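In our numbering, the protein residues as written are 31 to 186.
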């Protein structure tokens, strides 16, 4: 009966190793058992983004990103997803497409050259990935941008 009253009042009897029991407030028990999911710290975010930017033209492995953040690969994946809202792979692909957009705007390089500069294997892979992220092919995107620029400059 005494245990029922203590439970209704929000007190929980916790057994101890020596056979006795200790009473704790339920809120203390739940706070100690809850693991907070935290993302990467600010310095880790900066280090990982700098690492990706510096090595975008080559392979970027999760193990290398985790080492840059000084975490195990499994913990890094969880923390990265919490911080960025996407997987490390999706982030790297997004960064590659952003670099491709910059190169498409700033240069007249061929699509294959831009693909290699962004760490993609060939023009076809680049076009598929670009279409998935942007919604159109790189050639069409470049043409649309040139047409918009011409209209804004008053050439047409």
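All residues carry an ideal CB built from backbone N, CA and C; glycine is no exception.
Please read these numbers as outputs of a predicted model, since none were measured by experiment.
- Remark: C-beta atoms of residue 96 and residue 106 approach each other more closely than 9 Å.
- At a Cβ-Cβ threshold of 9 Å, residue 111 and residue 117 count as neighbours.
- Unbroken alpha helix (DSSP H) stretches of 4 residues or longer found wholly inside the region 95-171: 103-114, 118-136, 141-147 and 153-164, given in chain order.
- Residue 67: not part of any alpha helix (DSSP H); DSSP gives it neither H nor E.
- Only buried fits residue 159, as 16 or more other CB atoms lie within 10 angstroms of its CB.
- In this structure, the beta-carbon distance from residue 145 to residue 130 falls below 9 Å.
- Its chain contains 103, 106, 107, 118 and 119 as the residues whose beta carbon lies nearer than 8 Å to that of residue 92, once the 5 sequence neighbours on both sides are disregarded; these appear in chain order.
- In the three-state scheme derived from DSSP, where H, G and I count as helix and E and B as strand, residue 181 is classed as helix.
- DSSP places residue 82 in the uninterrupted alpha helix (DSSP H) bounded by 72-84.
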